[in-house]
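Undergrad: One structure, as structure tokens, below. Some questions next.
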Amino acid sequence: ETNVTNDDLTLTGKIAWAHLKEFPDYYTRLDKLEAEADAYWASRR
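Below, the structure written as structure tokens:
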């Protein structure tokens, strides 16, 4: 995984807030994308 904020809670919160301001369902979309990617890679093993 990528730790771009070096565990800085304030910076992490700002990034999360920016995502949600741009796309209110950002994390719902991300969950769906990650599930699709997991299924894709599982089928290629």
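Note that the sequence shown ends on residue 1466 in my numbering; no numbers are left out. C-beta: ideal position from N, C-alpha, C; glycine also. Keep in mind that this is a model prediction, so the values were computed, not measured.
(1) I'd like the span of the alpha helix (DSSP H) that includes Thr1431, first residue to last.
(2) Measuring straight from C-alpha to C-alpha, what distance separates Ala1474 and Tyr1448?
(3) Would you report the Cα separation of Lys1430 and Ala1439, rounded to the nearest angstrom?
(4) Along the alpha helix (DSSP H) that carries Arg1450, what are the first and last residues, could you check?
TA: Reading off the structure:
(1) Sequence index remark: in the sequence shown, residue 1431 carries index 10 (1-based). Counting along the chain, the unbroken alpha helix (DSSP H) around Thr1431 starts and ends at 1430 to 1443.
(2) The structure shown has nothing for residue 1474, since the chain only spans 1422 to 1466.
(3) What you label residue 1430 is simply residue 9 of the sequence shown in a count that begins at 1. What you label residue 1439 is simply residue 18 of the sequence shown in a count that begins at 1. The sequence shown places Leu at residue 1430, not Lys. In a straight line, the C-alpha of Leu1430 is about 14 Å away from that of Ala1439.
(4) Translated into the one-based positions of the sequence shown, residue 1450 becomes position 29. 1447 to 1464 is the span of the alpha helix (DSSP H), which, as asked, contains Arg1450.
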